[in-house]
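Here this note's numbering is used: the first residue of the sequence shown is 7, the next is one more, and so on.
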Amino acid sequence: MGRKKEVFKPINPEEVKLYACGPTVYSYAHIGHFRAYVFVDTLVRMLKYNELKVIHVMNITDVGHLTDDASQGEDKIEKAAKKEGKTAWEIAEFYTKDFFDAMKKLNVQKPEIVCKATNHIQDMINLVKKIEENGYTYRTSDGIYFDTSKLSDYGKLAGLNIEGLKEGARIEKNPEKKNPTDFALWKFAKEGEKRQMEWASPWYSHSFPGWHIECTAMSMKYLGEVYDIHTGGVDHISVHHTNEIAQAEAATGKEFVNYWLHNEFVNINGEKMSKSKGNIYNMNDIESKGFDPLAVRYLFLTAHYRSKINFTWESLKAAQNTLETLREHMKLLQEEDKKESKLEKIQEYKTKFLEFINDDLTISEALSLMWQLIRDEEKINNQDKYNLILEFDKVFGLGVGEIKTEEIPEEIQKLVEEREESRKNKDYQKADEIRNKIKEIGYKLQDTKNGIKVRKI
Ligand SMILES: [Zn+2]
Numbered sequence: 007m008g009r010k011k012e013v014f015k016p017i018n019p020e021e022v023k024l025y026a027c028g029p030t031v032y033s034y035a036h037i038g039h040f041r042a043y044v045f046v047d048t049l050v051r052m053l054k055y056n057e058l059k060v061i062h063v064m065n066i067t068d069v070g071h072l073t074d075d076a077s078q079g080e081d082k083i084e085k086a087a088k089k090e091g092k093t094a095w096e097i098a099e100f101y102t103k104d105f106f107d108a109m110k111k112l113n114v115q116k117p118e119i120v121c122k123a124t125n126h127i128q129d130m131i132n133l134v135k136k137i138e139e140n141g142y143t144y145r146t147s148d149g150i151y152f153d154t155s156k157l158s159d160y161g162k163l164a165g166l167n168i169e170g171l172k173e174g175a176r177i178e179k180n181p182e183k184k185n186p187t188d189f190a191l192w193k194f195a196k197e198g199e200k201r202q203m204e205w206a207s208p209w210y211s212h213s214f215p216g217w218h219i220e221c222t223a224m225s226m227k228y229l230g231e232v233y234d235i236h237t238g239g240v241d242h243i244s245v246h247h248t249n250e251i252a253q254a255e256a257a258t259g260k261e262f263v264n265y266w267l268h269n270e271f272v273n274i275n276g277e278k279m280s281k282s283k284g285n286i287y288n289m290n291d292i293e294s295k296g297f298d299p300l301a302v303r304y305l306f307l308t309a310h311y312r313s314k315i316n317f318t319w320e321s322l323k324a325a326q327n328t329l330e331t332l333r334e335h336m337k338l339l340q341e342e343d344k345k346e347s348k349l350e351k352i353q354e355y356k357t358k359f360l361e362f363i364n365d366d367l368t369i370s371e372a373l374s375l376m377w378q379l380i381r382d383e384e385k386i387n388n389q390d391k392y393n394l395i396l397e398f399d400k401v402f403g404l405g406v407g408e409i410k411t412e413e414i415p416e417e418i419q420k421l422v423e424e425r426e427e428s429r430k431n432k433d434y435q436k437a438d439e440i441r442n443k444i445k446e447i448g449y450k451l452q453d454t455k456n457g458i459k460v461r462k463i
């Protein structure tokens with residue numbers, strides 16, 4: 007993995023331990039999320055294609071993610087609950103279901119372990135206690151904070167200029183914080199505030215976890231103190247993942263994760279997604295415009311995960327057309343082809359495919375290779391092409407293996423035979439009449455190298 011042809015080495019050579027930051031379930035999953043999880047899914051598929059066992063853990067943030075993404079503001083779930091007149095638990099349940107429904111439509115495989123923050127409160131308390139015992143915390147009126155000045159390499163993931171941050175600190179929302187980069191490990195409910203989601207903790211009777219501690223506590227619980235891969239969007243680098251590293255390394259003294267992989271953003275019509283622009287599209291927006299969710303997946307596969315992608319309805323239409331062409335080819339490739347394949351040519355395609363996917367997940371090149379294979383007139387027959395594409399699709403996840411040749415009704419089969427008879431007898435007028443009749447019923451005839459083929463119009 008990595009552009010420098012760095013060889014990816016899991017800690018345990020047979021098993022990859024991977025943690026993906028999951029959704030905060032307070033609103034509909036949107037196209038930015040779709041990209042993040044299609045990326046993780048292709049990564050997992052690529053690892054499995056390399057015959058590695060993968061333990062893929064993803065969290066569901068159903069508490070503690072505050073509106074400013076740091077340590078201040080309202081809890082996103084509680085805020086949505088007030089707005090929609092539901093309980094916080096109902097909000098979390100509703101949007102978790104929406105998330106997984108969307109993932110299923112995108113053919114994203116469910117992680118081996120999905121863990122909810124609210125089910126792991128004690129694990130988080132234990133981790134904060136450990137960080138506290140190691141001397142990295144202090145208490146303010148609204149929570150237990152992490153003192154980032156105590157960790158000499160704080161910010162190493164993002165290359166943060168801590169001194170610069172200190173000097174440039176603008177108006178700090180929380181004057182009790184010792185350093186601008188300090189963050190809440192554990193938050194206290196405000197005086198007189200009745201939260202729906204709150205727990206007793208060693209620090210305060212009405213309290214709840216900070217967002218960053220959730221991912222560290224849950225990933226360490228399921229994958230151990232040190233594991234292989236952690237993923238998330240690029241927006242997580244400077245705060246969320248930086249703080250995850252700080253928490254883990256303050257607790258264990260060990261380097262937390264070996265490989266951090268971040269996917270870039272999706273722009274919409276060249277602009278950032280934002281509520282005010284009304285360009286945050288969810289699955290309903292995509293389907294109500296008549297698009298196949300897998301066209302979204304195809305579109306994402308055409309760009310490298312570390313490049314921004316510009317989403318437009320036109321680009322989605324183009325992706326959908328290409329996907330439909332691919333499906334047509336998969337039907338055609340199920341036709342008999344007596345040509346003999348050159349085995350070394352098949353091997354060549356397999357080798358190239360593996361090179362592309364293993365070169366930092368260069369899926370777009372692997373897709374081009376597949377199209378090259380489809381167009382390869384010389385050395386590979388239909389069956390071998392079909393089987394190779396099915397194998398490649400284990401990584402693409404476009405579901406092309408489910409495309410079957412159409413069942414042709416008996417009535418049509420009979421007409422085709424009758425037409426053949428007429429042609430043999432040189433009764434071309436009758437043959438044409440039968441062809442028209444077949445067309446009226448909704449089928450067309452095509453002459454191919456292997457004889458007459460019938461297709462649904
Ligand atoms: Zn996370």
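Note that CB positions come from ideal geometry on N, CA and C, so glycine has one too.
N- and C-terminal bounds of the beta strand (DSSP E) containing M224:
For M224, no beta strand (DSSP E) run applies; the uninterrupted alpha helix (DSSP H) run containing it begins and ends at 217-229, by DSSP.
With a threshold of 6 Å on Cβ separation, who are the neighbours of N285 within its own chain once the five nearest residues in sequence on each side are excluded?
In the same chain as N285, and ignoring 5 residues on each side of it, the C-beta atoms closer than 6 Å to its own belong to I274, M279, in chain order.
When K462, D382, R201 are compared against E413, the one with the closest alpha-carbon
For E413, the nearest C-alpha among the options comes from K462.
Under DSSP, the alpha helix (DSSP H) around G6 begins and ends at which residues?
With the chain covering 7 to 463 only, the question about residue 6 has no answer from this structure.
Got a sec? Which residues, its chain only, sit under 6 Å from Y151 by beta carbon, not counting five neighbours each side?
Contacts found: Y144, D188, A190.
Quick check on this structure: which residue in I458, T124, A252 has the alpha carbon closest to the alpha carbon of G141?
If we check each option's Cα against that of G141, A252 comes out closest.
At the level of alpha carbons, what is the spacing between Y25 and H62?
Here the alpha carbons of H62 and Y25 stand approximately 6 Å from one another.
List the endpoints of the continuous beta strand (DSSP E) containing K59.
Under the DSSP assignment, K59 falls in the beta strand (DSSP E) whose first and last residues are 59-66.
Straight-line CA distance for W217 to E57?
Going by the C-alpha atoms only, they are around 34 Å apart.
Can at least three beta-carbon pairs, one atom from the region 206-213 and one from the region 226-246, be found at a separation below 8 Å?
Between the region 206-213 and the region 226-246, the count of Cβ pairs shorter than 8 Å is below three; the stretches do not touch.
Cα-Cα separation between M64 and V401, rounded to whole angstroms
Cα to Cα, the separation comes out at about 19 Å.
Got a list of residues with beta-carbon closer than 5 Å to any non-hydrogen atom of ligand 1, in chain order?
Contact residues of ligand 1 (beta-carbon closer than 5 Å to any heavy atom; chain order) are C27, C221.
Enumerate in chain order the residues of its own chain whose CB-to-CB distance from Q419 is below 7 Å, with the five nearest sequence positions on each side excluded.
Here the set comprises nothing.
N- and C-terminal bounds of the beta strand (DSSP E) containing N269:
Counting along the chain, the beta strand (DSSP E) containing N269 begins and ends at 263-269.
Starting from A108, follow its DSSP beta bridges and name the residues at the other end.
The partner list for A108 (beta bridge, DSSP) is empty, contrary to what the question assumes.
Can you give the beta carbon distance from A301 to L322, rounded, assuming they're within the 8 Å contact cut?
Confirmed, Cβ separation roughly 6 Å.
For E354, which of L367, N364, L375 has the nearest alpha-carbon?
When each option's Cα is compared against that of E354, the closest is L375.
Environment of E20 [buried if 16+ CB atoms lie within 10 Å]:
With fewer than 16 Cβ atoms within 10 Å of its Cβ, E20 is classed as exposed.
Beta carbon of W319 nearer than 9 Å to that of K295:
With respect to the 9 Å criterion, W319 and K295 are classified as neighbours on the basis of their beta carbons.
I'd like to know whether the C-beta atoms of A164 and S225 end up nearer to each other than 9 Å.
S225 is positioned such that its CB atom lies no closer than 9 Å to that of A164.
Collapsed DSSP secondary structure at Q419 in the structure displayed
Three-state DSSP puts Q419 in a helix.
Count the other CB atoms, across all protein chains shown, that sit within 10 Å of the CB of N431; report buried if there are 16 or more and exposed otherwise.
Exposed is the call here.
Between which residues of its own chain and R176 is the CB-CB distance below 7 Å, once the five residues before and five after are set aside?
Low confidence applies to R176: its pLDDT is 47, below 50, so where it sits in the model is not reliable enough to give any reading.
What are the boundary residues of the alpha helix (DSSP H) that includes V302?
It spans 299-307 - the alpha helix (DSSP H) in which V302 sits, taken as one unbroken run.
Spatial distance of E199 from M289 (CA atoms):
If I take the Cα positions, the gap works out to 35 Å.
Closest by CA to Y160, which one among L72, E250, L329, W95?
Shortest Cα-Cα distance from Y160 to any of L72, E250, L329, W95 involves E250.
CA nearest to the CA of Q452, picked from S147, E426, L305
Out of S147, E426, L305, E426 has the C-alpha closest to the C-alpha of Q452.
If you check the beta carbons only, do T308 and S370 fall under 9 Å apart?
For the 9 Å CB-CB criterion, T308 and S370 form a contact.
Kindly confirm or deny that the region 25-34 and the region 80-93 touch, where touching means at least three C-beta pairs closer than 8 Å.
Judged by Cβ distances under 8 Å, the region 25-34 makes contact with the region 80-93, as three or more pairs qualify.
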